[in-house]
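First the structure, in the form of structure tokens, and then the observations on it.
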Amino acid sequence: MSGESAPSPGGVSRRAFLGRAAAVGAGVVVAGAVGFGAGRATASAGAASARAGVVPFYGEHQAGVATPAQDRLAFAAFDVTTPDVQALKGVLGSWAATASRMTRGEPIGPTETRPQRPPIDTGETLGLPPANLTITVGFGPSLFDSRFGLASRRPALLEDLPTFAVDFLDPARSGGDLGVQACSDDPQVAFHVIRNFARIGRGTVAMRWSQLGFGRTSSTSSAQETPRNLFGFKDGTNNIKAEDAADMEQFVWVGGDSDQTWMTGGTYLVARRIRMDIEGWDADFIADQERIFGRNKETGAPLTGTHEFDPPDLAALDAAGQPVIAPGSHIRLGSPAANGGVKILRRGYSFTDGTDPTTGRLDAGLFFICFNRDPQEQFVAIQRRLGSVDLMNEYIKHTGSAIFAV
10 MSGESAPSPG
20 GVSRRAFLGR
30 AAAVGAGVVV
40 AGAVGFGAGR
50 ATASAGAASA
60 RAGVVPFYGE
70 HQAGVATPAQ
80 DRLAFAAFDV
90 TTPDVQALKG
100 VLGSWAATAS
110 RMTRGEPIGP
120 TETRPQRPPI
130 DTGETLGLPP
140 ANLTITVGFG
150 PSLFDSRFGL
160 ASRRPALLED
170 LPTFAVDFLD
180 PARSGGDLGV
190 QACSDDPQVA
200 FHVIRNFARI
210 GRGTVAMRWS
220 QLGFGRTSST
230 SSAQETPRNL
240 FGFKDGTNNI
250 KAEDAADMEQ
260 FVWVGGDSDQ
270 TWMTGGTYLV
280 ARRIRMDIEG
290 WDADFIADQE
300 RIFGRNKETG
310 APLTGTHEFD
320 PPDLAALDAA
330 GQPVIAPGSH
340 IRLGSPAANG
350 GVKILRRGYS
360 FTDGTDPTTG
370 RLDAGLFFIC
380 FNRDPQEQFV
390 AIQRRLGSVD
400 LMNEYIKHTG
410 SAIFAV
């Protein structure tokens with residue numbers, strides 16, 4: 010799509026979002042959503058935008074997947090509160106038109122209008138650059154129920170995740186009809202997206218849950234250094250890098266073999282809120298921490314290597330004939346070698362939400378996000394393996410879960 014249009018006083022133009030849709034009726038919600046951020050941008054324009062801190066809204070795929078991970082996250086899941094498909098179409102169109110302006114660092118409308126009317130833009134990002142803002146929108150399985158006549162358009166791979174051994178899920182932090190991921194190097198810019206999407210959708214959608222994240226927990230570009238998680242270890246060393254086109258095509262982007270043509274070129278987002286037992290971890294001795302991860306805490310190197318990116322030798326034995334990398338270590342169970350070569354694109358963030366009023370301990374951890382071409386064969390298969398014997402399970406529990414077709 011090449012056309013963009015701003016919200017108008019009497020309503021919001023839907024041309025930017027729905028212009029591609031030839032169908033009429035409920036099906037246009039799905040067909041049009043494929044265009045959320047679609048349409049090729051030239052390489053020169055993309056390079057110039059990147060230098061200016063602007064990630065193009067329009068491109069071959071939605072931004073916020075292969076985009077180098079930014080420093081901050083604002084994520085929200087919404088439920089649709091009306092059976093009116095036209096109202097839903099209007100909100101999705103409004104979101105797209107709004108997103109195209111936000112990612113350019115522009116207000117979505119005047120902050121000063123008639124004195125007796127609220128401003129169109131809430132104003133907290135006036136004067137701030139977009140700081141590499143990306144806005145990524147997905148559809149949850151529940152959107153394809155009987156309300157909008159979309160059951161026949163649901164991809165077979167879009168189904169609620171199964172229950173895992175480490176699950177202590179809070180329904181109020183799980184699921185959702187629509188998922189919105191806003192990432193930026195400025196937390197206020199990311200928050201501005203969720204705040205305004207919620208305001209624009211009021212009366213049609215309601216926020217089900219939200220999560221703020223700080224400090225990316227994986228590298229998604231070869232130009233980025235590997236960050237550390239709240240356990241103090243380098244996380245996602247062997248993550249897929251956006252520059253690896255072969256891995257992106259094999260493990261991230263949905264191909265033409267999808268049962269739903271509108272998903273071609275898309276992907277599946279899995280979100281998991283993982284609470285970490287920070288206090289318990291801090292009391293554990295360093296040798297045990299390294300045994301759990303299978304890596305040296307300071308360097309990030311596997312226990313069988315010297316440097317971070319040394320391949321782990323899963324067959325290596327110590328002097329007593331025991332595996333140097335423990336059978337239940339995180340690096341062993343999650344490695345592609347232990348999972349038939351399967352990989353996922355990780356794009357998570359650390360979080361802290363104060364303290365648990367019952368225990369007084371920190372409510373902090375990892376808001377895990379990953380993108381997969383086939384969530385059942387990728388995320389679910391890997392998580393089942395981790396959930397069975399992962400030594401780290403002593404210190405974590407999953408409290409929220411969601412999946413969205415992007």
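Going by my numbering, the first residue of the sequence shown is number 10, and it counts up by one from there. Where is the CB? At the ideal position from N, CA and C, for every residue including glycine. Small disclaimer: the values here were computed from a predicted structure and weren't measured.
Query - Residue from VAL279, ILE295, ASP154 whose Cα sits closest to the Cα of VAL94 - result: If you number the sequence shown from 1, residue 94 lands on position 85. Residue ASP154 is the option with its Cα nearest to VAL94.
Original post:
With burial defined as no fewer than 16 other Cβ atoms inside 10 Å of the residue's Cβ, what is the status of SER161: buried or exposed?
Top reply: For the purposes of this step, residue 161 is taken as the residue at position 152 of the sequence shown. SER161 should be labelled exposed.
Item to complete: Inspect the CB distances between the stretch 355-363 and the stretch 324-338 and report whether three or more fall short of 8 Å.
Response: no
* Would DSSP call VAL43 helix, strand or coil? -> On the sequence shown, position 34 is the one that residue 43 refers to. Bear in mind that a pLDDT of 45 at VAL43, under 50, signals an unreliable position, so the number given afterwards is only what the model happens to contain. The answer is coil: DSSP assigns VAL43 none of H, G, I, E or B.
Which residues in the same chain as ALA152 place their Cβ atom closer than 6 Å to its Cβ, once the five residues preceding and following it in sequence are excluded? By one-based count along the sequence shown, residue 152 stands at place 143. Residue 152 is actually Leu in this sequence, not Ala. Here the set comprises ASP186.
On the DSSP letters alone, give me the boundaries of the alpha helix (DSSP H) that ALA280 sits inside. Taking the first residue of the sequence shown as 1, we reach residue 280 at position 271. For ALA280, there is no enclosing alpha helix (DSSP H); the enclosing beta strand (DSSP E) covers residues 277-285.
Report yes if the CB atom of VAL100 is closer than 8 Å to the CB atom of LEU142, and no otherwise. For this step, residue 100 is matched to residue 91 along the sequence shown. For this step, residue 142 is matched to residue 133 along the sequence shown. Not closer than 8 Å, so no.
* **Enclosing beta strand (DSSP E) for HIS407 [first to last residue]** => As a working mapping, residue 407 is identified with position 398 in the sequence shown. HIS407 -> beta strand (DSSP E) spans 405-414.
Rounded to a whole number of angstroms, what is the C-alpha to C-alpha distance between GLU317 and PRO384?
-> For this step, residue 317 is matched to residue 308 along the sequence shown. For this step, residue 384 is matched to residue 375 along the sequence shown. The alpha-carbon atoms of GLU317 and PRO384 are separated by roughly 28 Å.
**Item:** THR361 in three-state terms, based on DSSP
**Value:** In the sequence shown, residue 361 corresponds to position 352, counting from 1. Three-state DSSP puts THR361 in a strand.
- request: Look up GLY289 in the DSSP assignment and say whether it is helix, strand or coil.
  value: Counting from one through the sequence shown, the residue named residue 289 turns up at place 280. Looking at GLY289 - three-state DSSP - the assignment turns out to be helix.
| Among all the DSSP beta bridges, which residues are the ones paired with THR145? | For the purposes of this step, residue 145 is taken as residue 136 along the sequence shown, with counting starting at 1. According to DSSP, which records beta bridges pairwise, THR145 is partnered with GLN190.
Subject >> THR270, buried or exposed, once every other Cβ within 10 Å from all chains shown has been counted against 16 >> reply: To locate residue 270, count along the sequence shown from 1; it is residue 261. Counting Cβ neighbours within 10 Å, THR270 comes out exposed, since fewer than 16 surround it.
TODO: Leaving aside the five residues before and after GLY62 along the sequence, list all residues of the same chain whose C-beta is less than 7 Å from its C-beta, in chain order.
DONE: As a position in the sequence shown, residue 62 is number 53, starting the count at 1. Counting only Cβ-Cβ distances below 7 Å, and skipping sequence neighbours, we find PRO138, PRO139, ALA140, ASN141.
Q) Among the residues of its own chain, which have a CB less than 8 Å from the CB of GLY222, if the five just before and after it don't count? A) Taking the sequence shown and counting its residues from 1, one reaches residue 222 at position 213. Cβ within range, chain order: ARG81, LEU82, ALA83, PHE84, GLY357, TYR358, SER359, PHE360, PHE376.
*Given a threshold of 16 other Cβ atoms within 10 Å of its Cβ, counted over all protein chains shown, does GLY149 qualify as buried or as exposed?*
Working through the sequence shown from its first residue, we reach residue 149 at position 140. Result: buried.
Quiz item: Excluding five sequence neighbours on each side, which residues of the same chain lie with their C-beta closer than 8 Å to the C-beta of ALA54?
Solution: As a position in the sequence shown, residue 54 is number 45, starting the count at 1. In this prediction, ALA54 scores a pLDDT of 45, lower than 50, which makes its location untrustworthy; no coordinate-derived value is stated.
**Asked** For MET216 versus PHE87, is the C-beta distance shorter than 8 Å?
**Response** Residue mapping note: residue 216 aligns to position 207 of the sequence shown, counting from 1. Residue mapping note: residue 87 aligns to position 78 of the sequence shown, counting from 1. Yes; because the gap between Cβ atoms is below 8 Å, this pair is in contact.
Report task. Decide yes or no for the touch test of the stretch 296-311 against the stretch 241-253: beta carbon pairs closer than 8 Å, at least 3 of them. Result -> yes
- Note down, in chain order, each residue of its chain lying with its Cβ closer than 7 Å to the Cβ of GLY46, except the 5 sequence neighbours on either side. As a first step, residue 46 is located in the sequence shown; it is residue number 37 there, counting from the start. Note on GLY46: pLDDT 49, under 50, position unreliable in the model; the coordinate value appears next. Correct list, in chain order: PHE66, TYR67, GLY68, GLN71, ALA72.
Is ASP154 helix, strand or coil by DSSP? Taking the first residue of the sequence shown as 1, we reach residue 154 at position 145. In the structure shown, ASP154 sits in coil (DSSP, three-state: anything other than H, G, I, E or B).
Whole runs of the beta strand (DSSP E) within the stretch 63-148, excluding any shorter than 3 residues:
81-89, 143-148
Three-way DSSP call (helix, strand, coil) for LEU342 in this model: Taking the first residue of the sequence shown as 1, we reach residue 342 at position 333. The answer is helix: DSSP assigns LEU342 an H, G or I state.
Since MET272 and VAL263 are thought to touch, with beta carbons under 8 Å apart, how far apart are those beta carbons, to the nearest angstrom?
Taking the first residue of the sequence shown as position 1, residue 272 is located at position 263. Taking the first residue of the sequence shown as position 1, residue 263 is located at position 254. Going by Cβ atoms, the distance from MET272 to VAL263 rounds to 5 Å, so yes, they are a contact pair.
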